[in-house]
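Counting the sequence shown from 1 gives a position; this note's numbering is that position plus 8. Note that CB positions come from ideal geometry on N, CA and C, so glycine has one too.
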Amino acid sequence: MKLKNIKCLLAVCLCASALLVGCGQKTADKSETSSESAQNQSKDIQEASRDVFAMDTYMTVTAYGENAEVAVDAAQAEIERLDALLSTGDADSEIAKLNADGSAELSEDAGYLTERALELYQKTDGAFDIAIYPVMEAWGFPTQNFQVPSQDTLDQLLPLTDAGNISYDKETKKISFGVEGMKIDLGGIAKGYTSSRIMDIYKDNGITSGLVNLGGNVQALGTKTDGTKWKIAVQSPDDTEDYLGILSVQDKAVITSGGYERYFEQDGVTYHHIIDPKTGYPAESGLVSVTIVSEDGTLADGLSTSLFIMGKEKAADFWREHKDDFDAILMSDDGTLYVTEGLENDFSTERTVEIIR
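Here it is as structure tokens:
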């Protein structure tokens with residue numbers, strides 16, 4: 009059995025004009041980047057950047073402005089607070105205790121995420137399902153004790169993995185599971201929520217230019233210090249040394265899901281971590297990568313997984329129904345790249361693109 013875990017850190021730009029890319033991906037020419045930085049970054053602009061390991065991945069938070077250091081300190085504290093609160097692997101966390109007891113009165117953060125998760129469950133027809141955790145455990149993804157579960161095992165677990173059996177009162181924040189043995193995992197939207205919280209922290213500290221990279225989940229505040237948009241490279245799912253194209257963004261989250269992020273191989277077969285709640289097996293939707301671009305980091309995080317499971321046609325239909333909320337870049341297993349029309353002028357690539365309208 010061979011494990012591949014490419015939850016790698018995007019190389020966050022440490023100067024205001026550098027290109028943000030995925031692990032091992034190509035950057036802009038170094039001489040051009042250095043020159044551009046010297047021209048565009050004022051000596052009066054304070055920069056603070058911090059690397060953090062949390063939520064089982066490496067993260068970088070960067071802020072520019074008078075209170076940059078204070079903002080970055082607060083961002084790190086918020087990351088660590090939410091990690092301790094939401095981690096399924098920490099027996100003392102709120103979510104771990106809920107999973108053990110089957111009921112709880114949730115905190116404001118966990119309650120908000122549960123409410124958003126249940127809304128996404130309804131909107132995506134069950135593609136986004138926080139109750140999938142027992143099946144994830146059977147595959148060994150949370151513990152990295154990987155195995156292919158038997159069909160009998162999955163048949164026994166699938167009745168537990170239906171978020172429709174979760175009872176939640178958003179007024180009291182009381183939650184209970186309708187089936188014994190249910191467990192939830194908010195990890196599918198936790199990083200997106202965390203990046204949005206950091207945006208709030210930055211704004212509270214007067215920061216107007218900043219970037220957070222939570223293990224590849226990127227969210228940008230404002231523009232670079234020279235007034236131009238942030239440039240973010242979307243990693244290629246079939247070559248970690250390459251990227252699909254470059255996104256220019258401002259005040260947006262850019263979150264990608266793909267089977268290349270976490271997977272293992274057994275008996276010559278590759279099994280990735282994006283599980284279809286309807287089957288209990290890794291999703292086979294015809295898509296290999298989905299990138300969501302949205303002002304709402306929580307939404308972007310949840311939809312990157314959901315649209316991957318849906319497949320191209322359902323994903324495109326879903327976008328048409330909700331196109332005011334997000335845009336998307338989809339790559340199919342035959343190498344075709346599909347881009348929703350809202351990104352037509354902000355995404356550059358050397359590949360052939362079909363625009364979804």
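When only Cα atoms are considered, P290 and D284 end up about 6 Å apart. In terms of CA proximity to K178, L114 leads the group D64, L114, S95, N107. Comparing alpha carbon positions, the residue from L229, I337, P157 closest to Y346 is I337. With a beta-carbon spacing of about 23 Å, A92 and A71 fall beyond the 8 Å limit used to define contacts.
Membership of E116 in the alpha helix (DSSP H) is indicated by the continuous run 116 to 131.
Separation of the CB atoms of L94 and L194 is rounded to 5 Å, and the pair is thereby assigned contact status at 8 Å.
Secondary structure at F334: coil, using DSSP grouped into helix, strand and coil. Contact between G294 and K320 holds: CB atoms are separated by about 6 Å, below the 8 Å threshold. Within a 10 Å sphere around the beta-carbon of S312 sit 16 or more other beta-carbons, which makes this residue buried. Counting of Cβ neighbours within 10 angstroms places S217 among the buried residues, the total reaching 16 or more.
If you ignore the 5 residues before and after F149, its C-beta comes within less than 6 Å of the C-beta of H281, all in its own chain and listed in chain order. Residues E113 of the same chain have their beta carbon placed closer than 6 Å to that of K182, with the five preceding and five following residues left out of the count.
In the structure shown, S204 adopts helical secondary structure according to DSSP, grouped into three states. When the Cα atoms are used, K105 and P245 turn out to be separated by approximately 36 Å. Under the three-pair Cβ rule at 8 Å, the segment 113 to 130 does not count as touching the segment 149 to 169.
Between E74 and A241, the alpha-carbon positions lie close to 28 Å from each other. By the criterion of a C-beta distance shorter than 8 Å, D333 is surrounded in its chain by S302, D304, L307, once the five residues flanking it on both sides are discounted. Of the residues Q54, D81, E88, V78, the one whose Cα lies closest to the Cα of D64 is E88. The distance from the Cβ of G196 to that of F136 is about 7 Å, consistent with a contact at the 8 Å cut-off. A261 is positioned such that its CB atom lies closer than 8 Å to that of V226. Under the three-state reduction of DSSP, I53 is assigned to coil, being neither helix nor strand. Put simply, of G253, E362, G172, A85 the residue whose alpha carbon is nearest the alpha carbon of E127 is G172. D250 and E358 have their alpha carbons spaced roughly 12 Å apart.
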